[in-house]
Each structure stands twice: as structure tokens, then as C-alpha cells.
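In full-length UniProt numbering, the protein residues as written are 1 to 340.
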Ligand code: KG4
Ligand code: ZN
């Protein structure tokens, strides 16, 4: 079975070709980071235009690399939600055009489910499991049952974890995206430099806005007093606290649900401290922690194709997974409210 995956929800245009849910024949990713860097974040209008400019050429490259034609494609999987609406619409419209012209069914995929299924491309995941979803736009603890059904156990009440990493990095003048830079700086700083209190929220909920503000206030205070400080110490204090909280709450949810498997999903799953701390603390409780390889942590179409593969596998009738040409992009949609 050949699934063509299409991803364009943010600043990566990606097309992948997946065979039988395991073999990634190709996973082309065209990143716009260099273009958006100049503005300190993703500019939605520019993102949409870049997707339009690139998407057809990326498809040609993908087909060539996989040595197939569109006649060999059984299904088209496309991200329809959530994300930047203009960016999503490029992928969705492109998928609809291909579907109409070549008579291939479309399977719409929720982007966050894609991030979760990135783990299934590389590991045999035992269900039920807990997924910690951490990206630029999301921070959620999700329970996934044996039938691949999802229950949202909790999430952030304000900023997403990746967003707060990016904001802290911006205040420290470190560049964009901030997550990977803060990740590296952690090891050069003293995590006990700034005491940050943990926000009091629900047992599986998060709040990163206060933690981010504590760092910003400290920077402003030092700047006003013209006093020097080591940026690495602040990055380490911030990331250390954030990772402690993520690990504590994720492990608590796994214990409460009596599951032995945790999967990390989303761009922040690339964070080295989060990977190592969660794996180490999980092992002490007999819980196995999985995360995707670096290339599959950030936005890519192979994970979208994989989510579609499992959707088909779990469906009573294949047709239940398909969308017609009325398919639209949706900017905001909770993972448990997936429409398809
Ligand atoms: O999933 P993703 O590629 O896009 C969204 O769907 O949001 O995630 C991007 C986010 C950005 O906020 C970026 O700073 C963060 O993931 N990120 C990291 C790391 N690599 C990427 N955050 C912390 N540590 C990293 N190594
Ligand atoms: Zn993403």
C-alpha cells in the first residue's frame, strides 16, 4: 500500500511516500526557517506563498526519488488541522487537485496525531500509552488506548512549551527558533542560578507564561541596573524548570493510568534534556520512553502518511477515513476533536 503524505501547516513544505506503513521511500522537507529568521518568527502570509512556490516541485522530486508515479499511489494523506490557515489551505487544495485528477482518495490528518505517529515509524509501540505532545503550538498529555482512540488528559492553560522557549530565546537575543539554542546552552549554564517557582495548576495541566515572565523580568531588571549576567545561566534555569515539570506530570499521568509506555511527540521532542530526563526517570518506574529520531521530530509528511495508515488499519470501513472535495483547513482543533 502506497500513501502519499502532504504537510504544509506551518513553515515546512513536505511530501513523503510511505509503503505499507513502515518503509519511508522518501520524506522531502523544504524548511522556510532561513526566510522567517529575519522576522524573529513565522510570518503567515510569507509561509503560504512559499508553500505555493515549492509544493509542485517537491512532489516531482519525491516521485522521482521513490521511483513511482501517481498511478502507484493508493491514498493521499494531508494535514487539514491545526496550523496557519493559509499554509494549511495550500496543502489541502493541492491534495484535492491530485485526488480529482488521479482519482485517489484523500485521508485528512490532524497534525498532532501525525507527531504522535512519528514514533510508530521507528518503534513497535505498545498500547495503551501516554503521549506528551510538545510543539510550538501545543503542550498536552494525551492517553491513547488499544484502539488508537485519544483522550486529552490535560494541557497548557497559556503558552505552549516551544513558544515559551522561542520567546525566552528572543529576549536573550539568541535568534530563531529558540528551542534548539536553549537546548545547547543548558549544558553551559547553572540551572540553580535563578529560582523559578512552579505554577499551581491542575495535576495534568501546564502553565508556562509565568515561568517565561520570570525570566523576562529578570533580564529587564538587570538591563535597567546595567548589570551583567550569563545568558547560559538563565537558559539553564528556564529549561531545567520546564523539563522538570514536563517529566513530573507526564510520569504521574502514566502511573495513574497504569501504562508502561510513554511517547514524545512534536518539535520539542527533539530536546535533549527532555529525552534523557524522561527516559531516566521512566526507567526507574519500569516505564519505557520512546521518541522519534531528530528528522521525524519536526514537521514532516512521513508522520502524516503514518497517521493515515493507522487510521485505515483501525477503521471499520475504509470509506469512513476519506474526505471529499469539500475538505477545508481548520486553524484550531483539539486533537480529541479530529473530524475524520
Ligand atoms: O512541531 P514543530 O516543528 O512545529 C509546530 O507544530 O509547532 O515545533 C517547533 C517548535 C519550536 O518552538 C522550536 O523552538 C521547538 O519546536 N524545538 C525545540 C527543539 N527543537 C525544536 N525546543 C526545545 N529543544 C529543541 N532541541
Ligand atoms: Zn508540528
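Quick reminder that beta carbons are idealized off the backbone N, C-alpha and C, glycines included.
Being a predicted model, the structure only gives us computed values, none of them experimental.
Quick check on residue 345: does DSSP put it in helix, strand or coil?
For residue 345 there is no data in the structure shown, the boundaries of the chain being 1 and 340.
Is residue 298 a contact residue of the ligand KG4, with contact defined as CB to any heavy atom under 7 Å? The residue given as residue 298 occupies position 298 in the chain shown. Checking the Cβ of residue 298 against the ligand KG4 gives yes.
Worksheet entry | Chain-order list of residues whose beta-carbon lies under 7 Å from that of residue 24 (same chain, five-residue window excluded) | Stepping through the chain shown from its first residue, residue 24 is reached at position 24. Only 16, 18, 121 and 302 meet the Cβ criterion.
ask   = Counting only runs that start and end within the stretch 155-243, where is the alpha helix (DSSP H) found for 4 or more residues in a row?
value = 161-171, 178-186 and 209-224, all fully within the stretch 155-243.
With respect to 7 Å, is the separation between the Cβ of residue 267 and the closest non-hydrogen atom of the ligand ZN below this value?
Counting from 1 along the chain shown, the entry for residue 267 is found at position 267. Yes, the beta carbon of residue 267 sits closer than 7 Å to at least one heavy atom of the ligand ZN.
**Request:** Using 7 Å as the cut-off, classify the Cβ of residue 123 as near or not near the heavy atoms of the ligand ZN, replying yes or no.
**Result:** Sequence index remark: in the chain shown, residue 123 carries index 123 (1-based). Outside the cutoff, so no.
Taking only three categories from DSSP, how would you classify residue 29? Translated into positions along the chain shown, residue 29 becomes position 29. Residue 29: strand per DSSP, three-state reduction.
By the three-class DSSP mapping on this structure, what secondary structure does residue 250 have? Your numbering for residue 250 matches position 250 in the chain shown. Looking at residue 250 - three-state DSSP - the assignment turns out to be helix.
task: Could you tell me whether the stretch 133-146 touches the stretch 229-239, using the rule of 3 or more Cβ pairs below 8 Å?
output: no
Check your understanding: residue 282 bridges to which residues according to DSSP?
Key -> In the chain shown, the residue the question calls residue 282 occupies position 282. Per DSSP, none; premise fails for residue 282.
Proximity of residue 196 and residue 78 at Cβ, strictly below 8 Å | To locate residue 196, count along the chain shown from 1; it is residue 196. To locate residue 78, count along the chain shown from 1; it is residue 78. It is not a contact, given that the beta carbons lie outside the stated cut-off.
**Request:** Out of 327, 255, 47 and 138, point me to the one whose CA is closest to residue 86's CA.
**Result:** Working through the chain shown from its first residue, we reach residue 86 at position 86. If we check each option's Cα against that of residue 86, 47 comes out closest.
Under a CB-based cut-off of 8 Å, is residue 100 close to chain C?
-> No chain C is present in this structure, which holds just one protein chain.
(request) Give me whichever residues DSSP pairs with residue 7 in a beta bridge. (result) Taking the chain shown and counting its residues from 1, the one referred to as residue 7 is at position 7. 14.
- request: Using the DSSP secondary-structure output, state which residues sit across from residue 323 in a beta bridge.
  value: Residue 323 sits at position 323 when you count from the first residue of the chain shown. DSSP, once it has assigned bridges, lists 106 as partnering residue 323.
**Asked** Does the Cβ of residue 47 lie closer than 7 Å to at least one heavy atom of the ligand KG4?
**Response** Here residue 47 is taken as the residue at index 47 of the chain shown, counted from 1. False, no ligand heavy atom lies under 7 Å from that Cβ.
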